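**Q** Dropping the structure in here first, questions after.
In my numbering, the protein residues as written are 2 to 186.
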């Protein structure tokens with residue numbers, strides 16, 4: 002992407018290229034094992050970025066081999082006929098997602114461990130709000146204690162407009178920056 006944009010520009014010769022030399026995140030690590038882990042991960046990212054990391058020939062030239070220590074075990078399980086469409090059913094938590102959440106948030110109910118930093122270090126990046134919602138639901142289901150459900154207001158001010166806004170449709174609208182119709186805390 003950068004090659005297509007910047008390097009083909011007539012301004013490219015005027016750019017000054019800078020290289021980062023110090024690994025600030027490694028230097029700010031709280032202990033030696035964390036620093037070592039961060040340094041190894043940074044080296045992995047550097048190899049990927051410089052196209053030096055091992056390629057997975059079975060998947061093609063644009064696919065790399067992910068180190069085993071970065072993978073979550075995925076034991077093969079038999080899926081019964083009544084569960085085979087579970088992953089695509091609306092509102093269902095896919096089995097793979099359940100596994101990721103179990104691995105990432107194993108200590109979610111341990112008050113000595115599950116603090117702000119615990120959650121900040123376990124962020125799951127995703128592509129759409131719908132997937133974010135499913136992840137949040139999967140994590141919330143693992144929390145101990147009583148949950149409270151909050152619903153948005155779904156009424157119209159004038160009676161003549163009531164036919165233009167079907168509640169079922171309004172409840173499914175998912176807009177960036179606005180909470181969903183049903184929020185469980």
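Even for Gly, the Cβ is constructed at its ideal location relative to N, Cα and C.
Bear in mind the structure is a predicted one, so any value in this text is a computation, not a measurement.
Go ahead and label residue 139 buried or exposed: buried means 16 or more other beta carbons lie within 10 angstroms of its beta carbon, across all protein chains shown.
**A** buried
**Q** If you run the structure through DSSP and keep just helix, strand and coil, what is residue 151?
**A** strand
**Q** At a cut of 8 Å, does the stretch 114 to 126 reach the stretch 160 to 178 through at least three beta carbon pairs?
**A** no
**Q** Using a Cβ-Cβ cutoff of less than 6 Å, which residues in the same chain neighbour residue 149 once the five nearest sequence positions on both sides are dropped?
**A** 186
**Q** Identify, in the order they occur along the chain, each residue of the same chain with its Cβ nearer than 7 Å to the Cβ of residue 104, setting aside the five sequence neighbours on each side.
**A** Leaving aside the five residues that flank residue 104 on each side, the residues in its chain whose CB is nearer than 7 Å to its CB run, in chain order, 73.
**Q** Reducing DSSP to helix, strand and coil, say where residue 99 ends up.
**A** helix
**Q** Using CA coordinates, which residue listed in 145, 157 and 131 is at the minimum distance from residue 174?
**A** 131
**Q** Starting from residue 183, trace the beta strand (DSSP E) in both directions and tell me its first and last residue.
**A** 183 to 185
**Q** Could you tell me the alpha carbon to alpha carbon distance between residue 171 and residue 155, rounded to whole angstroms?
**A** 8 Å
**Q** Around the Cβ of residue 68, are there at least 16 other Cβ atoms within 10 angstroms (buried) or fewer (exposed)?
**A** exposed
**Q** What do you get for residue 102, buried or exposed, if any count of 16 or more other CB atoms within 10 angstroms of its CB means buried?
**A** buried
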